[in-house]
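**Student:** A single structure is presented below for examination.
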Amino acid sequence: MFDFLTPLSDLMRSEQTVFITVSVIFGLLVGSFLNVVIHRLPKMMEREWHANCLELQGKEVPEQTKYTIVTPRSACPKCGHLIGALENIPVISYLFLGGKCKGCKTKISMRYPLIEALTGALIGAAAYQFGYTYAALFAFIFIFALITLTFIDYDTQLLPDDITLPLLWLGLFFNLIGGFTDLKSSIIGAMLGYLILWSVYWLFKLIRGKEGMGYGDFKLLGAIGAWFGWQLLPAVILLSSVAGALIGVGLMLFKGKGSNSAIPFGPFLALGGIAALFFGQQLAGLYLG
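Taken in order, the sequence shown gives residues 23 to 311; the numbers are from my numbering.
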């Protein structure tokens, strides 16, 4: 009866397939860039802190070579071989080179292609879920930020303000223009997200006499609250805590870690944030009805 609509339906499916495919490729490329950010941003912060300490001590800050996200060019840390464009194709270059440096044949960490593949997969999933909309663009940015924060926190136990604070403000702005929730819920979510973990921090410190988490965790949960509203905070906190507890128990059982070993909480908060992005309504429905 409505056969005349078939070409239109086929065209829409075709456009969706193209959008998802392009999004995956885009995610892979950005994932390669995120590897650089994950490696360099903590080093840039360390250099800045060192310079500030010298200034506070009244000492001269020695002139340093320029070190930013984009300069100098990426190179093998062992032999100094500069990585060319053909060696920097996400995932493919790693496979083509056999996971080794072209210059000295030193093994390259599997983490690089894994981050690229993870980014591509999540961006593709977001493109599928949100379609060709501005919500997809904001979802892409949210995913990029959480992947970067996850691995920086894993490496250094730091959650840089350079990422968490813009992420929080972007979440508020997104909901100002009709994002995932209303602006009131977004503002309350940002405040509660920060205050909940801030309270846990001080309660733990009073009871145990030591810090149980960092201030970056407060800001990250505040940012997640800004994106999805206060309604999803219980689900995010529960998922993060359960995942963290399971990993912690696993490390104690299989890696011999002690109960006092520090485990970064940021990756688990990021996991909760990703769950909220893709399954927010279902999660909220479990306890909000």
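By construction, the Cβ of each residue, glycine as well, lies at the ideal position given by its N, Cα and C atoms.
Enumerated in chain order, which unbroken segments of the alpha helix (DSSP H) with a length of 4 residues or greater are wholly contained in the stretch 110-157?
**Tutor:** 114-118, 133-152
**Student:** Report, in whole angstroms, the separation of the C-beta atoms of Ile259 and Gly270, which I expect to be a contact under 8 Å.
**Tutor:** By 1-based counting over the sequence shown, the position of residue 259 is 237. By 1-based counting over the sequence shown, the position of residue 270 is 248. Contact doesn't hold; Cβ gap of about 16 Å is too wide.
**Student:** Would you be able to state if there are at least three C-beta pairs under 8 Å between the stretch 128-135 and the stretch 156-165?
**Tutor:** Judged by Cβ distances under 8 Å, the stretch 156-165 makes no contact with the stretch 128-135, as fewer than three pairs qualify.
**Student:** In angstroms with no decimal places, state the Cα-to-Cα distance between Ile137 and Phe276.
**Tutor:** Counting from one through the sequence shown, the residue named residue 137 turns up at place 115. Counting from one through the sequence shown, the residue named residue 276 turns up at place 254. So the two alpha carbons sit approximately 25 Å from each other.
**Student:** What three-state label does DSSP hand Leu181 in the structure shown?
**Tutor:** Here residue 181 refers to the residue found at position 159 of the sequence shown. Of the three classes helix, strand and coil, the one that applies to Leu181 here is coil, per DSSP.
**Student:** Between which residues of its own chain and Ser96 is the CB-CB distance below 6 Å, once the five residues before and five after are set aside?
**Tutor:** On the sequence shown, position 74 is the one that residue 96 refers to. Only Ile105 meet the Cβ criterion.
**Student:** Under 7 Å between the Cβ atoms of Gly153 and Pro112?
**Tutor:** As a working mapping, residue 153 is identified with position 131 in the sequence shown. As a working mapping, residue 112 is identified with position 90 in the sequence shown. Cβ distance not < 7 Å, so Gly153 and Pro112 don't count as in contact.
**Student:** In three-state terms, what does DSSP make of Ala212?
**Tutor:** If you number the sequence shown from 1, residue 212 lands on position 190. In the structure shown, Ala212 falls within a helical segment according to DSSP collapsed to helix, strand and coil.
**Student:** Indicate whether Tyr116 and Pro135 have their beta-carbon atoms separated by less than 7 Å.
**Tutor:** The count along the sequence shown starts at 1 and reaches residue 116 at position 94. The count along the sequence shown starts at 1 and reaches residue 135 at position 113. Contact: yes.
**Student:** Taking a contact to mean a Cβ-Cβ separation below 7 Å, would you say Leu219 touches Trp252 in this structure?
**Tutor:** In the sequence shown, counting from the first residue as 1, residue 219 sits at position 197. In the sequence shown, counting from the first residue as 1, residue 252 sits at position 230. Between Leu219 and Trp252, the gap from beta carbon to beta carbon reaches 7 Å or more.
**Student:** Evaluate Met235 with the Cβ neighbour count: other Cβ atoms within 10 Å of its Cβ, from every protein chain shown; 16 or more gives buried, anything less gives exposed.
**Tutor:** Here residue 235 refers to the residue found at position 213 of the sequence shown. By the beta-carbon neighbour count (other beta carbons within 10 angstroms, threshold 16), Met235 is buried.
**Student:** Do you know offhand how far Lys124's Cα is from His103's?
**Tutor:** Numbered from 1 along the sequence shown, position 102 holds the residue referred to as residue 124. Numbered from 1 along the sequence shown, position 81 holds the residue referred to as residue 103. Between Lys124 and His103, the C-alpha separation is close to 8 Å.
**Student:** In the DSSP assignment, find the alpha helix (DSSP H) that holds Val271 and state where it starts and stops.
**Tutor:** Here residue 271 refers to the residue found at position 249 when the sequence shown is read from its first residue. Residues 255-276.
**Student:** Between the Cα of Val44 and those of Ala143, Gly288, Gly80, Tyr216, spot the shortest distance and give me the residue it belongs to.
**Tutor:** For the purposes of this step, residue 44 is identified with residue 22 of the sequence shown, where counting begins at 1. Among Ala143, Gly288, Gly80, Tyr216, the Cα nearest to that of Val44 belongs to Ala143.
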